[in-house]
Amino acid sequence: MGIAINYVIFARRRQKIEQHRKSLPIAAVEKKLLEEVSNNDILIIVGETGSGKTTQLPQYLFNGGFCRNGGTIGITQPRRVAAVTVAKRVAEECGVTLGQKVGYAVRFEDETSSSTRIKYMTDGLLLREALLDPYLSRYSVIIVDEAHERTVHTDVLLGLLKRVQKTRLQGAMVNSDHTKAENGRLFENENDHQSNSVLKNCRGKKLSPLKLIIMSASLDAQIFSEYFGGARAVHVQGRQYPVDMLYTHQPETDYLDAALITIFQIHLEEGPGDILVFLTGQEEIESIERLVQERLPKLPESKRKLSVVSIFASLPSEKQMKVFMPAPVGFRKVILATNIAETSVTIPGIKYVIDPGMVKVRTYDASTGIEPLIIVKTSKAQALQRSGRAGREGPGKCYRLYPENEFYKLKDSTTPEIKRCNLSNVILQLKALGIDDIIGFDFIEEPDRMAIIKSMELLFLLGALTDESKLSEPVGHQMARLPLDPIYSKSLIVASQLNCLEEMLIVVALLSVESIFYAPREKLEESRLALRSFSSAEGDHLTLLNVYRASDEFLEKSKLVSSKEKAEKNLRKWCKENFINSRSLKHARDIHSQIRRNVEQMGLRVSSCGDDMLPFHQCLAASFFLNAALKQPDGTYRALSSGLMVQIHPSSVLFRMKPECIIFDELVRTNKNYIRNVSRIDYLWLAELAPQFYALQE
DNA sequence: GAGCACTGC
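Per full-length UniProt numbering, the first sequence runs over residues 1 to 698.
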C-alpha cells in the first residue's frame, strides 16, 4: 500500500516536471538547437531570463548523443550558488542522484563521479582544471553560461577555449593521420619540462574535437560572434512578465531623497506588492532605512504598514535571511539592497523596482596599484537587469530616477572586469598553461598594456618570472598552483624555508577572506574589549593568528564532548561572543585546509616556529616587501615602493603604537590612504631579505 | 580615530 502511494506521488512529480520542461520557451527549438550544435563547432546562444537554456540545453545534448564516446558536457557559471542549485534541479529533472549522471564542482565541493556526464561548475574552477589537463580532454562540449557578465574568469576562459578548440581539432586530424601536429600546439614552450610531462599525459589520449557554446542573456551576441570568427548566433525567447518603465521629468540632484520620495509614493498610491530599491552601499542603505522609519509615524495610522529590510554582502547571514521572509500580514515590504539583488540573490514578491541608476565599482590604478571604489552610473544592461527584477512573478513597474533620454546616454554594458583589475593572477595562470606571450594573447577585450606590465613587474620581483619572462622553476610554478594572491603564495613558499609555514598558512587564509572582525557601531566598546585578549603588540598578523588558534582550540574541545554539528553551532556562538564574523572564519577554515593540502602535495615542509615569532615576521618582510612603510617625523608613514604618504588604519592594533618600520597587507583609499593589517618589522631586514628590490635603492 | 560594491580559485 505504502509503496503504491509513493509510486503515485512519484509519477505525479515526474509528470509535473515533464510538463514544466515542455512549457519552457527553449523546448520549442530543441531539435533546431541540436542541429545547430551538430553543424557548428561554436555556437552563440542568446537567451533572455526564463528561457530555460541553463537547465535544458545540457539535457538535450546528452539525449542527442553528445556524450556518446564517454565525453562530459561542462557548463560554467560565474557564481557558486548558480552551479550548485542548477545541478540539483537538473539531477531532479533527470530523475538521478546528484553526483551520478548530473553533478557539480565548485571550490571546496565536488559532487561528481566517474559517471558524471553533465557537470556544472564555476568558470574559475574550469580554469584551474586546465592547469592539470590543458586540453580539457574529458569534455566533449563546454558551455560558457552568463558570458555577458564578462568576469575576468570568463574572459580568460574564452581565450583559452578558443585555443584548446583549435588544437583539439588539429589533434583529432593528426590522430587519424598518425602524423605529428606541427601547428597543433597549445604551448609555445613544449620543451619545458613541466609542460612536457603534461603533454605526455595527453598524447596517449586520443584528442577529439570540442564543441563550444557561449550563452549570453543580453543582446551583445555580436561581440562573441566576431571574436569566434563570425560564429553563428541563435536567439531563444525568454519568459518574463511585462515591466512598466517610469522615468523622472528632470535629472535628480539628490538620488537618495528621490528614492525616499518614490518609496512613499508607491506605498501610498500603488496596489499591493513589495518594493526593491537599488543603492550603492551600506551607508546609503542605513541612512534610507533611518529616514523611512522617521517619516513613517507622520503618516495616518492606517498607512503605516511598511516594513523595511536590507541586504548587502557583508551583512551577517542571519540578518540577510530576513529579506526572504514575508512581511507581516497587511504590510508592504521595502527591500534596500546593493547590487547583490541584481544577480546573486532573487527575492520573491517584488512588484516595484526603484533604480537611482548608480552603482559602486572597484577600479584599478596601475600606476599606484590602488583599487579604489567609486560610484558611477549603471550601464544599460545593468539597468535592464534591475528592472527585470520587477517582472518575475507578475507584471511590475520600474521607477528609474532619471529622465528617459539619460538612459540612452548610458554605456551599453559594464566595463569588463579584465579592464579594471590587477592582472598578476591572470598572467601567472596563462604562463602556467604555457602561454608566454601575454600581450599577444587573443583576449576578447585587451587589458591595458600598463596593467600587464605592472603585474609582470610584480611577478618578476616576487621571483615568479625569470629574466626571459618565463615562469621560474620551482617558485613560479608553485605559485601558479596555489589559489591565492601571488604575494600570499610567495609568503607560503618563503615560510616553508623559514620553518613557519604552519603559522603562515593560517595568516594567509585569514588575509584572503573578508575581515573576521565584526564591530557593530552600537557595540564598538564591547567589541574592542573582546578583541583585547587576542591582541599582539607585534601587529595585526599575530593578532589574527591568535584569534584563529583560539577558535580552533575551542572547536576541538567542543568536538570532544559533542557532535560535529553541535560543535560547529557552539563555534558560531563563540564567534558571536567574541565579535568574530563566523561566515568569514568558516571561509578561512576552508581555505586553510585547501592550501594546506596544496602545499603538502607540492612537497613543501609544514613546520611551526613555536613561540619564536622572529622567522614569521622575517617571512612577512621577505614576501610583503613591496608593502613596507617608514615612520615620518609627524607620525604618518611613507610607503617605500610607491612613495605614497599613508596612515595606519584605526582598526589596527598598531594604530597608537606607531613602530618605526612596518609592513602592511593592503592600502585602501577612503578619506586618507589607510593601510590595513600591519606588523612591525626591522628596517634592516628589507635589504637583507628583499635585495632584488631594496639593494638597488641604497 | 574609520567606515568597502560584488564575485571567484
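Glycine included, C-beta positions come from ideal geometry on N, C-alpha and C.
Under the 10 Å beta carbon count, Thr-346 is surrounded by fewer than 16 other beta carbons and is classified as exposed. Residue range 42-47 is occupied by the beta strand (DSSP E) that includes Ile-45. In this chain, His-587 is not harboured by any beta strand (DSSP E); it is covered by the alpha helix (DSSP H) spanning 582-601. Glu-111 carries a strand assignment under DSSP once its states are collapsed to helix, strand and coil. DSSP places Glu-36 in the helix class (H, G or I) of the three-state scheme. A distance of 7 Å or more separates the beta carbons of Leu-560 and Leu-571.
Scanning Gly-230, Ala-221, Val-475 for the CA closest to the CA of Val-236 turns up Ala-221.
Taking one beta carbon from each stretch, the segment 326-335 and the segment 241-261 have fewer than 3 pairs nearer than 8 Å; the two do not touch. Only residues of its own chain outside the window of five on either side were considered, and among them Val-308, Ser-310, Leu-336 have a CB closer than 7 Å to the CB of Glu-289, listed in chain order.
Cβ neighbours of Leu-689 within its own chain (closer than 8 Å, five residues either side excluded): Gln-618, Ala-621, Ala-622, Phe-625.
The C-alpha of Lys-380 is placed about 17 Å away from the C-alpha of Val-277. Closest by C-alpha distance to Thr-378, out of Glu-111, Gln-647, Asp-365, Tyr-408, is Tyr-408. In this chain, Phe-278 is not harboured by any alpha helix (DSSP H); it is covered by the beta strand (DSSP E) spanning 274-278. Below 8 Å, too few C-beta pairs join the segment 564-580 and the segment 680-689 to call them touching: fewer than three. By the 16-neighbour rule on beta-carbons within 10 angstroms, Asp-611 is exposed. One alpha carbon belongs to Trp-574, the other to Ser-551, and they sit about 8 Å apart. With a cut-off of 8 Å on Cβ pairs, the segment 384-392 is not in contact with the segment 650-664, counting fewer than three such pairs.
In the structure shown, the three-state DSSP call for Gly-74 is strand. For Gly-124, the enclosing alpha helix (DSSP H) covers residues 123-132.
One Cα belongs to Gln-692, the other to Gln-632, and the distance between them is close to 25 Å. Of Pro-403, Ile-506, Glu-109, Leu-484, the smallest CA-CA separation from Phe-616 is found for Ile-506. Judged by DSSP in its simplified three-state form, Gln-293 adopts helix. Counting along the chain, Gln-100 sits inside no beta strand (DSSP E), nor does DSSP assign it H or E at all. In terms of Cβ geometry, Val-46 and Ser-216 form a close pair [threshold 7 Å]. Three or more beta-carbon pairs drawn from the segment 130-139 and the segment 152-167 are found closer than 8 Å, and the two stretches are therefore classed as touching. Under a 10 Å Cβ-count criterion, Met-613 is classified as buried, with 16 or more other Cβ atoms of the shown protein chains found around its own Cβ.
Rounded to the nearest angstrom, the Cβ distance from Ser-140 to Ile-73 is 7 Å, consistent with a contact under 8 Å. Between the beta-carbon of Ser-527 and that of Phe-579 there is about 4 Å, and that keeps the pair under the 8 Å contact cut. According to the DSSP secondary-structure assignment, Ser-679 is paired through a beta bridge with Gly-539, Ile-663. Here the segment 497-513 lies against the segment 528-545, with 3 or more beta-carbon pairs under 8 Å apart. Ranked by Cα distance from Leu-291, the first of Gly-281, Phe-264, Asp-274, Glu-301 is Phe-264.
Between the segment 668-679 and the segment 635-649 there are three or more inter-stretch CB-CB distances shorter than 8 Å, so the stretches are counted as touching. Linking Glu-666 to Ser-607 through their CA atoms gives a straight-line distance of about 27 Å. Spanning the alpha carbons of Lys-397 and Glu-269 requires a straight line of approximately 13 Å. The segment 465-478 makes no contact with the segment 442-452: fewer than 3 CB pairs, one atom from each, lie closer than 8 Å.
Of the candidates Arg-163, Asp-41, Cys-67, the residue whose Cα lies closest to the Cα of Ile-435 is Arg-163.
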